[in-house]
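One structure below.
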Amino acid sequence: MSKPKTKTQPKPTPQAAGAAAYEGAQDEMFQLVTPEGTAPQPELLPDVPTRLKLYRLMRRARHFDERAWVLYRTGRMGVFPPYGGMEASQVGTAAALTHDDWLFPTYRDTGAALTYGLPIPQTIAYWRTSPHGWAMPQDLKVLPFYIPIATQYPQAVGAALAEKRKGTRNVAMAYIGDGGSSEGDFHEALNFAGALGAPCVFVLQNNGWAISVPTRTQTRATNLSRRAEGYGIPGVRVDGNDVLATYHVTLEAVNRARNGEGPTLIETVTYRVKPHTVADDPSRYRTDADTAGWDAKDPVQRLRTHLLAEGHLTEEQDAAITREIEAEFEAALQVADAFPEPTPAEIVDHVFAEPTPQLVRQRAQIMAEEGA
Ligand SMILES: Cc1ncc(C[n+]2csc(CCOP(=O)(O)OP(=O)(O)O)c2C)c(N)n1
Ligand SMILES: [Mg+2]
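Residues 1 to 372 in full-length UniProt numbering are what the sequence shown spells out, letter by letter.
See the structure below:
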């Protein structure tokens, strides 16, 4: 892969403490649109329909995130890990896939799964802990959201190697957090994929925090993309709040993988402006000074400013997008609300394709206790 040529130095953040003081956050990273919405290298931008598509997908992902909060507060959603502020990191990467490719998301990556094509009603059901959300649609190669940290990485390598053995050009994309990249599974997967030339795209979302642990205390490494060097594979560091940049570098990585040139690690430098989950209270471990400055880098606002300034979007068109996205979500919510109440026994369904004898016994026991 040709390394992106643009070398934009982000402005140093003012804070002396907190995750944003993590030295790596000031390292060189690939950027196409500045926080002010200007694009110094217009020749590298995707065409206007693609820019508008990515904008719409980010707005759609953000709307889900915002509605999930409200639904949680009103008792209509389970514990949900928000990703608001990380849309460019998730949408720009997932949008580079086709439905023949695999997506391995973590609990943080609802925005990526929606972009890939997971239906909204099912996604709502999943975060309601309803069995209607557990079985992924048979026609989508998306795995259920991984809660155990880093386990998805070796599994994605397995899926990628299977595609390679079958002689397809399909790739597997797997997400992980900064915290997850300290786990053994992360390192084993990168080595395994590099050694065997697996068509994998590893997306490492560095959002500054692993629950209450800032990246700078998680590791002495100051640039997580450089971990790729240890495994002999390309590593790219990209502004994770610039969707045109994440899309650009991911397309390159996907094409490399399709062409048999092996895996790539992409570090998206972003920030978890929201709490770890809707049930978390970040004031227990970080201050406003820690998060100051990140609102100005908001990925949705950045592309909006760019599109308005370039004349590719009007306020009226933007308002129409808002209405369409709201209507789509409310219709999906009605579908999710109409799913039948799960029975307690369903808790053991969808665990294995063929249930184990133990699960069959447990299911019968639950049914008997429920008088069903
Ligand atoms: C194997 C394993 N260990 C510990 C946990 C508990 N845990 C849940 S989220 C989390 C932090 C992960 O941080 P990061 O990888 O940066 O992802 P983020 O939440 O920032 O998206 C931990 C340690 C877990 N789910 N799985
Ligand atoms: Mg993190």
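Glycine included, C-beta positions come from ideal geometry on N, C-alpha and C.
Residues near residue i by beta carbon distance below 8 Å, same chain, minus five either side
i: residue 151; result: 185
i: residue 23; result: Residue confidence for residue 23 is low, a pLDDT of 45 falling below 50, so the modelled location carries little weight and cannot support an answer.
i: residue 305; result: 36 and 37
i: residue 314; result: 308
i: residue 5; result: Residue placement at residue 5 cannot be trusted, given a pLDDT of 49 that sits under 50; what the coordinates show is reported in the next sentence. Contacts found: none.
CB contact flag (residue i, residue j, <8 Å)
i: residue 146; j: residue 105; result: yes
i: residue 258; j: residue 86; result: no
i: residue 44; j: residue 276; result: no
i: residue 92; j: residue 66; result: no
i: residue 203; j: residue 266; result: yes
i: residue 131; j: residue 346; result: yes
i: residue 237; j: residue 367; result: no
i: residue 118; j: residue 140; result: yes
i: residue 232; j: residue 194; result: yes
i: residue 348; j: residue 334; result: no
i: residue 244; j: residue 48; result: no
i: residue 197; j: residue 293; result: no
i: residue 78; j: residue 129; result: yes
i: residue 207; j: residue 180; result: no
i: residue 321; j: residue 59; result: yes
i: residue 162; j: residue 101; result: no
i: residue 94; j: residue 112; result: yes
Residue span of the beta strand (DSSP E) that contains residue i, given as start and end
i: residue 339; result: Segment: none, residue 339 is in no beta strand (DSSP E) and carries neither H nor E.
Those residues which DSSP pairs with residue i across a bridge
i: residue 390; result: Because the chain spans 1 through 372 in this model, residue 390 falls outside it and cannot be assessed.
i: residue 232; result: BP columns for residue 232 are empty, so no partner.
i: residue 438; result: Coverage of the chain is limited to positions 1 through 372, which leaves residue 438 absent and any answer about it impossible.
i: residue 214; result: 209
i: residue 106; result: 146
i: residue 30; result: 238
Chain-order list of residues whose beta-carbon lies under 7 Å from that of residue i (same chain, five-residue window excluded)
i: residue 89; result: 205, 240, 246, 268 and 270
i: residue 96; result: 247, 250, 251 and 254
i: residue 7; result: Note that residue 7 has pLDDT 48, beneath the 50 cutoff, so the model's placement of it is unreliable and no number is given.
Cβ neighbours of residue i in the same chain (closer than 6 Å, five flanking residues each side left out)
i: residue 122; result: 133
i: residue 108; result: 81 and 83
i: residue 211; result: 276
i: residue 170; result: 100, 101 and 163
i: residue 356; result: none
i: residue 358; result: none
Alpha helix (DSSP H) segment containing residue i, residue limits
i: residue 274; result: First-last for residue 274: undefined, no H or E at that position.
i: residue 186; result: 184–196
i: residue 36; result: No alpha helix (DSSP H) holds residue 36; DSSP gives it neither H nor E.
i: residue 252; result: 243–258
i: residue 357; result: 357–369
Any non-hydrogen atom of ligand 1 within 7 Å of residue i CB
i: residue 280; result: no
i: residue 272; result: yes
i: residue 148; result: yes
i: residue 127; result: no
i: residue 284; result: no
i: residue 209; result: yes
i: residue 176; result: yes
i: residue 106; result: yes
Residue i Cβ short of 7 Å to ligand 2 heavy atom set
i: residue 88; result: no
i: residue 170; result: no
i: residue 241; result: no
i: residue 109; result: no
i: residue 185; result: no
i: residue 85; result: no
i: residue 179; result: yes
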